[in-house]
Amino acid sequence: MSMSVMNKYDVNQRKTVDVLWFVEHIARELDVACAVKSLAARKYSLEIEIRSYYAHAVESMKHLNPRVVVHPFFYFSSGALATEDYIKSWPTSTHFNLAWEQIHYRAHWNVKAPSDEFAKKMVLHHAWGEFYKKYLVTHGVPEGNIFVNGQPAYQLYKSPYRNYFKSRLTLAKLYGLDPDRRWIFIPENYRWAFIGKKIEFFKKLGADTKDIFELKDFCTRSLETVLRWCNRAGSEDGLCVIFRPRPAVNSKVMHQFFSDRVGRRSRNLYFIKEESVRDWILASDLVVSSYSTSLIEAAVAGKPAYMFEPFPFPDSIQCDWYKYADRIYSEDDFIQLCTNSGLSKPSQALQNWAEKEMLSKGDPIDNLVARLNEILMNRRSEREEINLSEAFRFNPNKTYFNAETHENDLFTMEDIQRRVEIWNRTIELDSAKPTAGTKEKIHGETEIINKTMSRSDLLGTDAEQTIQELNRLIRKLYRKGLWMSSWVGTLPEEPTERAGLLQRIRKKCSLLSKRAGMPRTHRQEARALARGIEQRLDYQALPDSADDIRFPWFLYWEIYWVLKTISPYLQPGARLFDGGGSASLFTCYLASLGFEVHSVELNPTLSRQCQIIAKSMGWNLHSYIMDMRRLNFPDEYFDHAFSICVFEHLDYDIKQAGLSEIARCLKPGGLLAITFDYRNPAPGVVGYGKDTRPRNQLKSEEDIERTFLRSGHFDLVGNKRFFDNQESYLIHHRFGNTPYTFGAIFLRKKNQGD
């Protein structure tokens, strides 16, 4: 190469930054990168620049001067595309290898290891667990160059990170999917079927030629078979089969493979490469893949995860973690699993293994931020050099980016800024983390509990247990001829044979068939439920819901979120207060768990129905016609208190009087959980008796503080600023089609003298 076509840039014109974080594949890496950038700026004021490893190579070497360079991989330096030039461009930077591929089968054992002296001795390596540390040491990496942390991408399935990702309804709108169908997610990873020109490359890295061709044959046959199974599943009513090619496989290549080997695509089979695997895992009902580590992610997320095995795995592709995965060996088994939700269960064994091996050292994202800060502090203490020697001469016309193998891997700085802003709102680090030494340490120091509703909160295994228990309770009461009040506060009365209205309601909910044992409704309740259905925004029912018309998932969320937070403080036989929920699903569920529940109510019909249920079920449940402003209970009588979607109906003065009375009746330190409509524009909701004054509203963080904290009786538990995730699940057509949602807050009664 003639020097006349080489460029030498003045290093003094380059911008010095703390960290330059390179991303190879957006879907795999960018979520963690942006979350780290958000946290690092908040906690340590670190400046992290995020760039594409290949697409932004020239720009980065020309304009940036990083103290730390974070690589997505680092196998060798000499001759490695981009990597070699980065080492020469930033010779005094600290090079940190994130190593996004760490779980290796035998064919990858040598191929994916650091192989030259620079990679082994001059690079810091990030390890997800002790197993990878051992692997690195075996291949010559000093222990001092290894940071054992955890898998940061797996942490994204935990709160609060999981709240960042797109909801099922959003994905359904973006890609024309039916949210009411059962979603089967297939993240493909038969990479060896498309190895093509890379065979010689892998041979040079130490791969066995026989293994390569064996794997190519195995993956080609397996992929064709799995695609045929998916195509059949896509012909089933009630399913959406979402097939996602791995990031390095071009969509056109996959479509051509399907066309050549399978033929015509069935109506409910979708090939979608967009969005991250995390978006799809969290939104789907079932995850099935090859030997992809996406199955591990699905297990961590609490999803049913199964491994395709239409043909026995070759020895060269075997890996230890496979023994924890449930297998699918035949097409009929696959179809049955897809169509019968009762057969698929969360992959508990795989989840337990993953959390023990790769999530046992705390939050890996937070740990990674702390480690980067530590590296930078050490560099400053050692009076670092900042690449101010003679600049590396490089060819600005050199091609680094391959659009075929890195489809969908281009991003702009505006994309990064937008993502980081969302992460800033999602994480809410400063407000969610209690001051050291305080009592507010419910569910970890950084978890957000005072927040608006999110359907994704119901996707975990603990939520699934609550959902199933609620469904069983509803069906049990129906079989006994008992019914609880609906989500709009109504009860069925005398059965009517004129069920046309009810049938139309059921059709709106996609519940066309009558469920055995479900009580019929009457005209008044039918009208109320019809209005309620019209308020549901892009509604997606929970699978196998016992009665989605009367008990939509909003109620399940309220119950799950409240008890998830307060359960650690509920002693057996605790005496509990409920404000305004007699005969409700929440009150009955509390009583069914064995607690002593006292519920106050202004509606005599609901109070009477509560007493009927309590007597029939033998529960320690009591209902009273009583105003919350004047509670006829002794001081410090209750351990804890609840009020589910009641306070938004009350005038400000009534709210304050009710809070004062509840505080009087609570024991010192007792908790009060309240849920409410949030951002609801209807005047009959924001104020009792259609009082529309702003002081009655619950539409902002300031409204929350004014309404619930200025009384002086309670402290807010958990995050000190109410978190609005901007998701809306209801809409008022009569008030400007304004979307709104539900929210929850948790208060603790102040001790005397606080």
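Read left to right, the sequence shown gives residues 1228 to 1981 (my numbering).
No residue lacks a Cβ here, since even glycine has one placed at the ideal position from N, Cα and C.
* How many Å lie between residue 1264 and residue 1258 at the Cα? -> 10 Å
* alpha helix (DSSP H) segment containing residue 1860, residue limits -> Taken as a continuous stretch (DSSP letters only), residue 1860 belongs to no alpha helix (DSSP H), as it is neither H nor E.
* Own chain partners of residue 1740 with C-beta closer than 7 Å, once the 5 adjacent residues on each side are dropped -> Here residue 1740 scores only 31 on pLDDT, less than 50, and its place in the model is too uncertain to base an answer on.
* **Residues bridged to residue 1789 [DSSP beta-bridge criterion]** => Paired residue(s): none; residue 1789 is not in a bridge.
* Inspect the CB distances between the region 1375 to 1382 and the region 1585 to 1595 and report whether three or more fall short of 8 Å. => Three or more Cβ pairs drawn from the region 1375 to 1382 and the region 1585 to 1595 lie within less than 8 Å of each other, which places the two stretches in contact.
* Beta-carbon proximity of residue 1333 to residue 1416, cut-off 7 Å -> no
* Which residue's Cα is closest to the Cα of residue 1505: 1756, 1757, 1966 and 1683? -> 1683
* Asked: With respect to the alpha helix (DSSP H) encompassing residue 1366, which residues constitute its N-terminal and C-terminal limits?
  -> Note, residue 1366: premise wrong, no alpha helix (DSSP H); not H, not E.
* Please determine, among 1788, 1905, 1535 and 1846, the residue with the shortest C-alpha to C-alpha distance to residue 1517. => 1535
* **Whole-angstrom C-beta distance between residue 1679 and residue 1968, which should lie under 8 Å** => Between residue 1679 and residue 1968 the Cβ distance is about 5 Å, and since that is below 8 Å, they are a contact.
* Same chain only: Cβ atoms within 6 Å of residue 1656, ignoring 5 sequence neighbours per side -> For residue 1656, the pLDDT reaches just 41, beneath the cut-off of 50, and the residue's location in the model is therefore unreliable, although a value from the coordinates is still provided. Exclusion of the five residues before and after residue 1656 leaves 1269 as the residues of its chain whose Cβ lies within less than 6 Å of its Cβ.
* To do: Work out the CA separation of residue 1254 and residue 1634 for me, nearest whole Å.
  => Those two C-alpha atoms are separated by around 11 Å.
* State yes or no: is the C-beta of residue 1841 within less than 7 Å of the C-beta of residue 1712? => no
* Three-state secondary structure (DSSP) of residue 1340 -> coil
* Which of the three DSSP states, helix, strand or coil, is assigned to residue 1966? -> strand
* **Inter-residue CB distance, residue 1801 and residue 1849 (contact presumed, cutoff 8 Å)** => Contact between residue 1801 and residue 1849 does not hold, since their C-beta atoms are separated by about 14 Å, which reaches or exceeds 8 Å.
* **Uninterrupted beta strand (DSSP E) stretches inside the region 1446 to 1517 (no shorter than 3 residues)** => 1466 to 1471, 1496 to 1498 and 1513 to 1516
* State the Cα-Cα distance for the pair residue 1864 and residue 1708, rounded to the nearest angstrom. => 33 Å
* residue 1676, enclosing alpha helix (DSSP H) - first and last residue -> No alpha helix (DSSP H) contains residue 1676, which DSSP labels as neither H nor E.
* To do: Mind checking which residues open and close the beta strand (DSSP E) that includes residue 1242?
  => Per DSSP, the continuous beta strand (DSSP E) segment holding residue 1242 begins and ends at 1242 to 1250.
* Identify every residue that forms a DSSP beta bridge with residue 1323. => 1297 and 1351
* Among 1302, 1437, 1407 and 1903, nearest to residue 1770 - alpha-carbon criterion -> The option with the nearest alpha carbon to residue 1770 is 1407.
* Could you work out which residue in 1359, 1759, 1895 and 1844 is closest to residue 1181 when comparing CA atoms only? => Since the first residue shown for the chain is 1228 and the last is 1981, residue 1181 is missing from the structure and cannot be characterised.
* Asked: So what does DSSP say about residue 1825, is it helix, strand or coil?
  -> In the three-state reduction of the DSSP assignment, residue 1825 falls in the strand class, which pools E and B.
* Specify whether the region 1514 to 1530 and the region 1391 to 1409 touch according to this definition: at least 3 beta carbon pairs, one from each stretch, less than 8 Å apart. => no
* **Member of 1266, 1834 and 1786 whose CA lies at the smallest distance from the CA of residue 1820** => 1786
* To do: Let me know the secondary structure DSSP gives residue 1390 once reduced to three states.
  => Note: residue 1390 maps to helix in three-state DSSP.
* Asked: What residue does the alpha helix (DSSP H) around residue 1885 start on, and which one ends it?
  -> Taken as a continuous stretch (DSSP letters only), the alpha helix (DSSP H) holding residue 1885 covers 1879 to 1892.
* **Assigned secondary structure, residue 1421 (DSSP; H/G/I helix, E/B strand, else coil)** => helix
* To do: Can you grab the Cα-Cα spacing for the pair residue 1229 / residue 1331, in whole Å?
  => At residue 1229 the pLDDT is 35, less than 50, meaning the model places this residue with poor confidence; the figure from the coordinates comes in the next sentence. C-alpha separation (whole angstroms): 42 Å.
* Contact check, residue 1398 vs residue 1510, beta carbons under 7 Å -> yes
* Secondary structure at residue 1868, three-state DSSP: helix, strand or coil? -> strand
* Asked: Using the C-alpha atoms, what's the distance from residue 1778 back to residue 1501?
  -> 34 Å
* To do: Would you check if the region 1546 to 1559 and the region 1345 to 1356 touch, i.e. whether three or more CB-CB distances between them fall below 8 Å?
  => Contact annotation: the region 1345 to 1356 does not touch the region 1546 to 1559, with fewer than three C-beta pairs closer than 8 Å.
* In its own chain, which residues sit with a C-beta less than 6 Å from the C-beta of residue 1267, not counting the 5 before and 5 after it? -> Closer than 6 Å at the Cβ level, and outside the excluded window around residue 1267, lie 1273, 1275 and 1596.
* Check whether the Cβ of residue 1850 sits closer than 6 Å to any heavy atom of the ligand SAH, and report yes or no. => Because no ligand of any kind appears in the structure shown, any question about the ligand SAH cannot be addressed here.
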